[in-house]
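In the order they appear, the protein sequences are chains A and B. My numbering numbers the first residue of the first sequence as 11 and each following residue consecutively. My numbering numbers the first residue of the second sequence as -2 and each following residue consecutively. From the three backbone atoms N, C-alpha and C, an ideal C-beta is built for every residue, glycine too. Quick caveat, the model's predicted, so the values are computed rather than measured.
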Amino acid sequence: MWDVARGLVEQMDLIVPTPQGLYCPAGDFHIDPAAPVARAIITHGHGDHARPGSREYWGTDVGFGLLRERLGISAKIHKLRYGEILQFGAAKVSLHPAGHVLGSAQVRIEVDGEVWVVSGDYKREPDPSCAPFEPQKCDVFITESTFALPVYRWPDPSIVAREIFDWWQQCKVDGVCAMLCCYSLGKAQRILAELKIHTDEMVYLHGAMTRLVKLYRDAGVLMLPTDVVTNQPKNFDWKGRLVLAPPGASGTPWVKRFRPLSIGFASGWMRVRGSRRRQAYDRGFVLSDHADWPSLLRTIEETGAKRVLAMHGHTDALVLHLRERGIDAAPLELHHGASPGALNAATEAAAEIAAEAGALDHMSNNASGSTMDQHSELDFSED
Amino acid sequence: MKRFAALFATLDETRATNQKVAAMRRYFSESAPEDAAWGLYFLRGSRLKRLIAPSRIRVWAAQATALSEAVLDESYAHVGDLAETLALLLDTSGRAHDDDTPLSIWVQRLQALREADETAQRAALLQWWQQLPMLQCFLLNKLLTGELRVGVSAGLATRALAESAALLPALVNERLMGDWQPSAEAFRRVIAPVAMAATAPSDIAPRSAQPYPFCLANPLEADPAGLGAIDEFCVEWKWDGIRCQLIRRAGKTFLWSRGEEMLDGRFPEIEALAERLPDGCVLDGEVLAWREGQVLPFALLQKRIGRKQVGAKLLAEAPVALLAYDLLEWRGVDLREQPLARRRAQLETLAADHGLIVSPRVLAAGWSELAQLREGSRERGVEGLMLKRLDSPYRAGRKTGVWWKWKIDPLTFDGVLVYAQSGHGRRSNLYSDYTLAVWDGDALVPVAKAYSGLTDAELIEMDRWIRAHTREKFGPVRSVEPGQVFEIAFEGIAASSRHKSGIAMRFPRIRRWRRDKLAQDADRIETLRALLAQADTKIGDSSVED
Ligand SMILES: [Zn+2]
Ligand SMILES: [Zn+2]
Chain A
11 MWDVARGLVE QMDLIVPTPQ GLYCPAGDFH IDPAAPVARA IITHGHGDHA
61 RPGSREYWGT DVGFGLLRER LGISAKIHKL RYGEILQFGA AKVSLHPAGH
111 VLGSAQVRIE VDGEVWVVSG DYKREPDPSC APFEPQKCDV FITESTFALP
161 VYRWPDPSIV AREIFDWWQQ CKVDGVCAML CCYSLGKAQR ILAELKIHTD
211 EMVYLHGAMT RLVKLYRDAG VLMLPTDVVT NQPKNFDWKG RLVLAPPGAS
261 GTPWVKRFRP LSIGFASGWM RVRGSRRRQA YDRGFVLSDH ADWPSLLRTI
311 EETGAKRVLA MHGHTDALVL HLRERGIDAA PLELHHGASP GALNAATEAA
361 AEIAAEAGAL DHMSNNASGS TMDQHSELDF SED
Chain B
-2 MKRFAALFAT LDETRATNQK VAAMRRYFSE SAPEDAAWGL YFLRGSRLKR
48 LIAPSRIRVW AAQATALSEA VLDESYAHVG DLAETLALLL DTSGRAHDDD
98 TPLSIWVQRL QALREADETA QRAALLQWWQ QLPMLQCFLL NKLLTGELRV
148 GVSAGLATRA LAESAALLPA LVNERLMGDW QPSAEAFRRV IAPVAMAATA
198 PSDIAPRSAQ PYPFCLANPL EADPAGLGAI DEFCVEWKWD GIRCQLIRRA
248 GKTFLWSRGE EMLDGRFPEI EALAERLPDG CVLDGEVLAW REGQVLPFAL
298 LQKRIGRKQV GAKLLAEAPV ALLAYDLLEW RGVDLREQPL ARRRAQLETL
348 AADHGLIVSP RVLAAGWSEL AQLREGSRER GVEGLMLKRL DSPYRAGRKT
398 GVWWKWKIDP LTFDGVLVYA QSGHGRRSNL YSDYTLAVWD GDALVPVAKA
448 YSGLTDAELI EMDRWIRAHT REKFGPVRSV EPGQVFEIAF EGIAASSRHK
498 SGIAMRFPRI RRWRRDKLAQ DADRIETLRA LLAQADTKIG DSSVED
């Protein structure tokens, strides 16, 4: 066979990019496929990683509820415990905590003693709403690079949580509603959990968030009490209340009821002044579920990988930087189109602006437009 | 600088005008006068002259951050602002300590650095970068590169200061007119109670040199018929030159631009005329390149703007004149509260006696006839019409309902996108600055750079297209495949040897994304040359000497 002949010349890659996404020939499965495949291993429940239509899925038991939510009731989903080893053909496969959102995982693949790890999305900061990242020794590390620029460096999340709380309290003083925009899956729950040490007050949710918050509660994550916005009477006084909403909601008529209000946005993109200003939020809070530059470098070092493939974001700077340090690094280009790797971080950041600019309907109706669906929440249906 | 940084952050993140004013008020009342003075200077949009070239700062930053210039450039391309990129890169953990050095001292330090040699500049910079918290580091970099911009208008800053000093904004504005130089003393004088300021000795430009705040026009978007009867207005052409105040007081002449820049010495023709004017006379008008009753293209005037010394050749090639609009002071009396009809009558008498050119009134029987006259604006070399209420006093700033500018539609061409650069500020994550080209034979020649005109959604779509169709990357710039056509509007065209195309445009901006057009449908250079020839026929020879 041709592949065998090639294998004689050079080591076969355990993971190769295909139009459907990352593929493991030895185990005949895909990771976070962009299109329907026979066997899909899913790192976590975000829309750009978990897509419906494949024949069989494998994911963590902790993240099962979220996967079910994304993949639909008819999807065939197998649960795996962190660290549990599964044999796919010649490949030993296991999932390990990625610290990104509830149930998020890295995928470790071992074939004949060679180990590859696909990071999925990950972060290194403590997060009360999910298990912390566990570095895995490997030969080749495929890392996400959403924020892979040295300008991205996260402040201590407990300090950011304090800032959010202080802003909320200031809104009470000013007699305005505090509406915090954040991604519905992961960020919202993390904030609800982080704020628990400051208060036990009720927080109000946009309809798109309620089910996801409930899934976190079911998984045992401790969070502030919540209620859905639409449960409140028409004359409800929103002054001084904290409302969580997906980023796309801030430009819609839905927000009118909260006026007067102050709008905040919690995202890693808020680190850069241009992003803050462009989106015209009153307050930006730098809080991300992705690895910042120092975390990326530290993680790559901890894996001991001799070769690093960067995908999902700003791959250029990271690849340059690693090569300057003698690490065999390259961007992993997925087939162009709707794959996560083709979508660069700036566009991802821009998705919410577009939503605000009123392009929301256009994008969510765009059947092939999963490109814009990255982590931003365009699937809210309330109102 | 800590207090100024806090103010900057507040202004940056609040959208409500009242909150911005409140924050500035607090700053003015809590800061020492010399710091408040510098704060005021920056808030009103004045800048220090650039101290160190960005290219040199880039090299030192790479050294300070231990990053390669390639990685630094990637970061810069993403952030879109060098000062901010550096501040973010240098913001390593565990260095959020404070620095209480006042703003005025920082300005002194920076100004001292201007005289220093490169080694000393580098040493100082590296040390400050290590020591300052992020926002202050950002502001320092902005001061260094002469690019500090605060997100408020000069008018708003003036209003805040007036409120904190319990004075009328118009009075504060008047005290700040001209080449206001910040110092504790100058600041005290600005906020002094009414009686004291008049008697205070002056270490700034003498009072006799001070211009009045300019009255500005609002764009007219609707049908002018909605404004009332046409005979309630003084209608003039909208001239495209330099708006100025010509002051003749105490035997001296002062010429101020609208940007409150002193233009003395640059326009000897106008100064010669001013010498014939009586004392206590202030004119509002427009400096234009002008020959034998005809306005010449703006490009000729531009040659004069940059020159402090004017040679005989240039004087002959690009003669200028002042077209008077208004008379603000006559024989030492402030006429601004009088109706325009009275001021204009006085101006016309004065003009007849002293050989002054007054901007002529455009007479029309009705609005529709005026609209027809407006169609001929381009041939006349004007931008449209000005409509000024005859009963209006001369107001400071852009008051609505007093003066209107009714501009003509701009010139346009269809250009192909050839280079894209990531934007700055608001658009720093997006490739939003476009270089457009037209066909010259089989080749595309860049002719204009446009920064604005697309909606956010379009920008995002284009950003994706650009990334997917990049041919080459040069730092923050990408060359792209010729596949997108844009309709570009511009205000004027001139020959230029600095541009490869031989053409320079004024105010090019994107008017429409022509998705319906292919690259080969874009305009050819001949079309633009024809427009250029039209413009040239009025100048005769327009050989450019730069
Ligand atoms: Zn994710
Ligand atoms: Zn992702």
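| Query | Result |
| --- | --- |
| Reference B:Asp97; option with closest CA among B:Ala2, B:Ser43 and B:Val187 | B:Ala2 |
| Complete alpha helix (DSSP H) runs within the stretch 265 to 313 of chain A (minimum length 4 residues, chain order) | 283 to 288 and 303 to 313 |
| Simplified DSSP assignment, three categories, for A:Ala108 | coil |
| heavy atom of ligand 2 below 8 angstroms from A:Asp10 C-beta | Any property of residue 10 of chain A remains undetermined from this structure, which presents chain A solely from 11 to 393. |
| Neighbour flag for B:Glu10 against chain A, beta carbons, 9 angstroms | yes |
| Secondary structure, beta strand (DSSP E): runs of 3+ residues fully inside the stretch 162 to 221 of chain A | 187 to 191 and 213 to 215 |
| Burial state of B:Arg339 (16 or more Cβ within 10 Å) | exposed |
| Under 9 angstroms between C-beta atoms of B:Leu456 and B:Thr432 | no |
| Proximal residues of chain A, C-beta to C-beta of B:Ser65 below 8 angstroms | Leu330, His331 and Glu334 |
| Chain A within 9 angstroms of B:Asn426, Cβ atoms only | yes |
| Alpha-carbon to alpha-carbon, A:Ile52 and A:His110 | 13 angstroms |
| Three-pair Cβ contact test at 8 angstroms for the stretch 261 to 275 of chain B versus the stretch 390 to 397 of chain B | no |
| Boundaries (first-last residue) of the beta strand (DSSP E) holding A:Val231 | Looking at the DSSP string, A:Val231 is not in any beta strand (DSSP E), and its letter there is neither H nor E. |
| Within chain B, partners of A:Arg163 - CB distance below 9 angstroms | Leu85, Leu86, Asp88, Thr89 and Ser90 |
| B:Met174 (DSSP reduced to helix, strand or coil) | coil |
| Proximity to B:Trp57 [Cα-Cα], best of B:Lys17, B:Asn138, B:Thr14 and B:Asp439 | B:Asn138 |
| heavy atom of ligand 1 below 8 angstroms from A:Gly196 C-beta | yes |
| Three CB pairs or more closer than 8 angstroms across the stretch 115 to 125 of chain A and the stretch 27 to 46 of chain A | yes |
| Proximal residues to A:Pro107 (C-beta, below 8 angstroms), its chain only, five neighbours per side dropped | Tyr92, Ser114, Ala115, Gln116, Cys140, Ala141, Pro142, Phe143 and Glu144 |
| Interfacial residues, the stretch 257 to 285 of chain A to chain B, with Cβ spacing under 8 angstroms | Trp279, Arg281, Val282, Arg283, Gly284 and Ser285 |
| Beta-carbon spacing of B:Arg461, B:Thr467 below 9 angstroms | no |
| 8 angstroms Cβ cut-off: residues of chain A touching B:Asp78 | Arg283 and Gly284 |
| Chain A contact for B:Gly238 (CB, 9 angstroms cutoff) | no |
| CB of B:Ile485 within 9 angstroms of CB of B:Met502, strictly | yes |
| Heavy atom of ligand 2 within 8 angstroms of A:Thr313 beta-carbon | no |
| Cβ-heavy atom distance, A:Asp137 to ligand 2, below 8 angstroms | no |
| Residue of B:Asp331, B:Leu319, B:Glu326 and B:Leu427 minimising C-alpha distance to B:Gly352 | B:Leu319 |
| Nonlocal neighbours in the same chain, by C-beta distance under 7 angstroms from B:Arg47, ignoring five residues either side | Thr142 and Gly143 |
| Supposed contact pair A:Thr209 and A:Lys190 - C-beta distance, whole angstroms, cut 8 angstroms | Here residue 190 of chain A turns out to be Leu, not Lys, going by the sequence shown. With 8 angstroms as the limit, A:Leu190 and A:Thr209 do not qualify as a contact, their Cβ atoms being about 14 angstroms apart. |
| Near ligand 2: A:Thr156 beta-carbon under 8 angstroms from a heavy atom | yes |
| C-beta atoms of B:Lys17 and B:Ala157 nearer than 9 angstroms | yes |
| Three-way DSSP call (helix, strand, coil) for A:Asn245 in this model | coil |
| Spatially closest choice to A:Trp303 from A:Ile25, A:Val26 and A:Arg134, by CA coordinates | A:Arg134 |
| Where A:Asp326 meets chain B, residues with beta-carbon distance less than 7 angstroms | Glu71 |
| Contact belief for A:Ile25 with A:Val121 at Cβ below 8 angstroms, rounded distance in angstroms | That belief does not hold up - the Cβ atoms of A:Ile25 and A:Val121 are roughly 10 angstroms apart, past 8 angstroms. |
| Within-9 angstroms CB hit, A:Ala395 to chain B | Residue 395 of chain A falls outside the range modelled here, since chain A spans only 11 to 393, and no answer is possible. |
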